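Some notes on the structure that comes next.
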Amino acid sequence: MTMALDETQLLDTQRAFDSVAADYDGPRGNNELIQRMRLTLWDTVRDAVPPGSRLLDLGCGTGIDAAEFARQGHHVVATDWSPEMVARTRARADEAGLMSRVQAMHVGIHQLDRLDDRFDAVYSNFGPLNCAPDLRVVAAECERLLRPGGMLVFSVIGRICPWEVGYYALKGRIKRATVRAARGATAVGMNRHTIWTYYYLPREFYRAFADHFSLESYRALSLFMPPPYLVDVYRRHRERFERLGRLDDRYGALPLLRDMGDHFLIVMRRR
Ligand SMILES: C[S@@+](CC[C@H](N)C(=O)[O-])C[C@H]1O[C@@H](n2cnc3c(N)ncnc32)[C@H](O)[C@@H]1O
Numbered sequence: 018m019t020m021a022l023d024e025t026q027l028l029d030t031q032r033a034f035d036s037v038a039a040d041y042d043g044p045r046g047n048n049e050l051i052q053r054m055r056l057t058l059w060d061t062v063r064d065a066v067p068p069g070s071r072l073l074d075l076g077c078g079t080g081i082d083a084a085e086f087a088r089q090g091h092h093v094v095a096t097d098w099s100p101e102m103v104a105r106t107r108a109r110a111d112e113a114g115l116m117s118r119v120q121a122m123h124v125g126i127h128q129l130d131r132l133d134d135r136f137d138a139v140y141s142n143f144g145p146l147n148c149a150p151d152l153r154v155v156a157a158e159c160e161r162l163l164r165p166g167g168m169l170v171f172s173v174i175g176r177i178c179p180w181e182v183g184y185y186a187l188k189g190r191i192k193r194a195t196v197r198a199a200r201g202a203t204a205v206g207m208n209r210h211t212i213w214t215y216y217y218l219p220r221e222f223y224r225a226f227a228d229h230f231s232l233e234s235y236r237a238l239s240l241f242m243p244p245p246y247l248v249d250v251y252r253r254h255r256e257r258f259e260r261l262g263r264l265d266d267r268y269g270a271l272p273l274l275r276d277m278g279d280h281f282l283i284v285m286r287r288r
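Residue numbers (the working numbering): 18 to 288.
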C-alpha cells in the first residue's frame, strides 16, 4: 500500500480547490467533454437507485450533480473538503429552490466518520476519491453509511490514458506523459497550487472495496474522446470527435478497453 497523505498535503489540495471554486463551472471544471462524462454518471445513478432515494455525494464541487439528482426527486447530502466548493453547492441549491433536498456539508472523504445517516447510494464524480488518503477506510465508512444492497457509483481518474501519453510524448514532455504511472501520491499543479493525487487502475481501486462490496461493472470514460483539458483540440474538429465519443459509448465497457481512459466509472454493490 502507498503512504497516506499527511495533514499538510490535504490542506494543499483544499487550498487548490478553494482557489478555483468561483469559476469552476467554466472551462476548467465543466466544459463539453466533462459534461459528456457527467451524463454517463447521471444515467448510471438513475439506473442504480429507485426514485426518491437518499444519496451521498463525495467531493460535490459546485453541486452540479447534487442539483440534478435533487431535481429528479432524490435527497442529496453533498460533501466536499473545500469550504468554497461547499458554499457554491449551497448557493446553487438555494437559487434553484432545492434546499429542501440538498444538504451541503464541509466534510472530507477522510472524515466520513462524522456522518451518521443511511443512504441508498454514494456517488463521486471526477476524481475526488483520487485525493482520498486511504481508500480502505473510505470503503468501511461507505459500508456503514449504506443500506444493505446499496450502491456505489464513482468516476475515478485512471492510470492509462492513451491520449495523454501520446499528446505529451509528441511534445517531448515525457515526464508529463507518464505522470499517471507514479506509485503513491503525486503532486499535480492547478492554479499555482498542488493537488495530491493517486492514480488507479480499476482493479487496484476495487481491491480496497472488495471486502465490503461486489463489483457490478466498470467502464472507460473518454478513452477515444480526448481528456477534458484538450477541449480546444475537440472544438477544432467537433464532428470527427463526436464520432469517437460514440465509440466510447459503444465499446467503453469491453474488456481491456474498460481498463483505460481519462477516467473510469465503477459501480459496486454493498454485500
Ligand atoms: C475535479 S473536482 C470534481 C467536483 C464535482 N464532483 C464535479 O463533478 O464537478 C474534485 C472535487 O473533489 C474535492 N476534494 C478533493 N479532495 C477531497 C477530499 N479529501 N475529500 C472530499 N472532497 C475532496 C475538491 O474540493 C473538488 O471539489
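Think of the CB as a built atom: it goes at the ideal place given N, C-alpha and C, for glycine as much as any other residue. Bear in mind the structure is a predicted one, so any value in this text is a computation, not a measurement.
- F222 has no beta-bridge partner at all, per DSSP.
- Around the CB of H254, fewer than 16 other CB atoms lie within 10 Å, so the residue is classed as exposed.
- Set against 7 angstroms, the gap from the CB of C148 to the closest heavy atom of ligand 1 is smaller.
- Judged by the Cβ position, L27 qualifies as a neighbour of ligand 1 at the 7 angstroms threshold, a heavy atom of the ligand being closer than this.
- Given a length threshold of 3 residues, each whole run of the beta strand (DSSP E) inside the segment 83-124 is given here in chain order: 92-97, 119-123.
- Its Cα nearest to that of G76, the residue E101 stands out among E181, E101, G206, G167.
- Look at R255 here: in three-state DSSP terms it is helix.
- Around the beta carbon of D60, fewer than 16 other beta carbons lie within 10 angstroms, which makes this residue exposed.
- Beta-bridge annotation (DSSP): T211 is paired with G206.
- According to DSSP, Y217 shares a beta bridge with G175.
- Counting of Cβ neighbours within 10 angstroms places T25 among the exposed residues, the total staying below 16.
- The beta carbon of P44 sits no closer than 7 angstroms to any heavy atom of ligand 1.
- Excluding its 5 nearest sequence neighbours in each direction, T57 has C-beta neighbours in its own chain below 7 angstroms: L238, L282, listed in chain order.
- Contact annotation: A65 and V248 have beta-carbon atoms that are not nearer than 8 angstroms.
- For P243, the closest of F226, L264, L129 by C-alpha to C-alpha distance is L264.
- In this structure, F34 has its CB closer than 7 angstroms to one or more heavy atoms of ligand 1.
- Its Cα nearest to that of V37, the residue G78 stands out among E259, I177, G78.
- A check of alpha carbon separations from Y246 across A33, A21, D29, G46 identifies G46 as the nearest.
- For A21, the closest of T203, R275, E49 by C-alpha to C-alpha distance is T203.
- By the Cβ rule, the segment 153-170 does not count as touching the segment 181-191, because fewer than three pairs are nearer than 8 angstroms.
- Within the same chain, Cβ atoms closer than 6 angstroms to the Cβ of R275 are found at Y235, R236, A237, the five residues on either side in sequence being excluded.
- Burial state of I51 is buried, judged by a 10 Å Cβ sphere holding 16 or more other Cβ atoms.
- Annotation for V62: the continuous alpha helix (DSSP H) segment containing it runs 49-65.
- Beta-bridge partners of S141 (DSSP): F171.
- Fewer than three Cβ pairs drawn from the segment 102-118 and the segment 128-145 lie within less than 8 angstroms of each other, which leaves the two stretches out of contact.
- The three-state reading of DSSP puts D151 in coil, since its state is none of H, G, I, E or B.
- Between the C-alpha atoms of N208 and T30 there is a straight-line separation of about 11 angstroms.
- In this model, R224 and E233 are separated by some 14 angstroms (Cα to Cα).
- Closest by C-alpha distance to R288, out of D111, A199, G166, is G166.
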